[in-house]
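For reference, each letter of the sequence shown is one residue, going 6 to 247 in my numbering. Think of the CB as a built atom: it goes at the ideal place given N, C-alpha and C, for glycine as much as any other residue. Remarks on the structure that follows.
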Amino acid sequence: KIEKIKKVEEQEQVEEPVNYAKSCDDLYKSGKTTTGVYTIDPDGLGPFAVRCDMETTTGVNTIDPDGLGAFAVRCDMETTSTSGRGWTIFQRRVDGSLSFYRQWYGYKIGFGDLSGEFWLGLDKIHRLTASGQNVLRVDLGSFENEAAYAVYESFSVGNESNAYILNVGNYSGTAGDSLAVNNGMKFTTRDVDNDERRAANCATNKESAWWYNSCSTADLNGKNYSLKRSEMKYAGGEESNH
6 KIEKIKKVEE
16 QEQVEEPVNY
26 AKSCDDLYKS
36 GKTTTGVYTI
46 DPDGLGPFAV
56 RCDMETTTGV
66 NTIDPDGLGA
76 FAVRCDMETT
86 STSGRGWTIF
96 QRRVDGSLSF
106 YRQWYGYKIG
116 FGDLSGEFWL
126 GLDKIHRLTA
136 SGQNVLRVDL
146 GSFENEAAYA
156 VYESFSVGNE
166 SNAYILNVGN
176 YSGTAGDSLA
186 VNNGMKFTTR
196 DVDNDERRAA
206 NCATNKESAW
216 WYNSCSTADL
226 NGKNYSLKRS
236 EMKYAGGEES
246 NH
């Protein structure tokens with residue numbers, strides 16, 4: 006009888022659902038302060054990995070931003086110029102080892118390694134920024150070890166049906182406002198031309214992919230990469246649920 010009771014109890018046991026964080030910012034607020042790769046689910050559509058910058062030193066966490074499924078991210082928990090927040094990194098270049106000259110599908114789903122150079126994926130970036138008052142931060146480093154940054158209030162990337170249109174707000178920082186001309190632009194790759202230049206495909210000309218206007222100069226995915234490193238990252242603002 007005891008064995009039968011044990012078997013019934015084992016059958017009745019139900020696995021508890023995993024509650025993933027929605028963003029690196031949530032992870033930071035919960036006490037995760039090491040930069041690295043984590044798994045998140047921003048919208049409940051499914052988890053994925055991201056790199057979180059929790060102070061600009063490094064680690065990997067799991068988040069679930071929308072309750073639709075978690076994924077791993079790289080989080081920056083240490084960027085000191087904007088305190089009290091964890092940043093979800095969606096673009097990272099550190100040594101030029103990875104080609105960013107990819108087709109639409111590659112940019113849609115993402116590529117690279119969260120521990121090195123990578124593009125998180127436009128679908129995931131859309132999920133991360135679809136709700137709340139989000140902030141975009143771009144960190145740049147030169148070969149002369151000079152650093153600069155740009156912060157944009159209000160940041161979102163649309164879904165695939167509107168070609169992942171870019172929306173950014175007011176600028177502050179030391180790098181210069183290079184994204185103003187890209188605001189409101191659709192994403193362009195070598196096989197999907199959404200830029201404003203009718204005579205050519207800017208992605209093909211630059212061997213890159215970006216929210217081009219008319220082959221604008223701001224392009225952190227280009228082949229002729231002149232910086233030592235770059236990181237594009239987002240965090241939820243005060244009114245954000247992220």
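With respect to the 7 Å criterion, F148 and K233 are classified as neighbours on the basis of their beta carbons.
A direct Cα-Cα distance of roughly 31 Å separates Y112 from S35.
Listed in chain order, the non-local C-beta contacts of A168 below 7 Å within the same chain comprise K191, F192, N199, local neighbours out to five positions each way being set aside. Around the beta carbon of R98, a 10 Å sphere encloses 16 or more other beta carbons of the protein chains shown; the residue is thus reported as buried. A Cβ-Cβ separation of about 5 Å places P47 in contact with L133 under the 8 Å criterion. Per the DSSP secondary-structure output, P52 pairs with nothing in a beta bridge.
Taking a 10 Å sphere around the C-beta of D224, we find 16 or more other C-beta atoms and assign the residue as buried.
C57 is positioned such that its CB atom lies no closer than 7 Å to that of V23. As for any beta strand (DSSP E) of minimum length 3 sitting wholly inside the region 150–190, the runs are 152–158, 160–162, 171–173, 176–178, ordered along the chain. A residue is called buried when at least 16 other Cβ atoms come within 10 angstroms of its Cβ; T93 meets this threshold and is buried. The three-state reading of DSSP puts W92 in strand, counting E and B together. In the DSSP assignment, E236 forms a beta bridge with R97, D144. Taking 7 Å as the cut-off, the beta carbon of A153 is found closer than this to the beta carbon of L145.
Taking 7 Å as the cut-off, the beta carbon of E158 is found no closer than this to the beta carbon of N139.
A residue is called buried when at least 16 other Cβ atoms come within 10 angstroms of its Cβ; A205 does not meet this threshold and is exposed.
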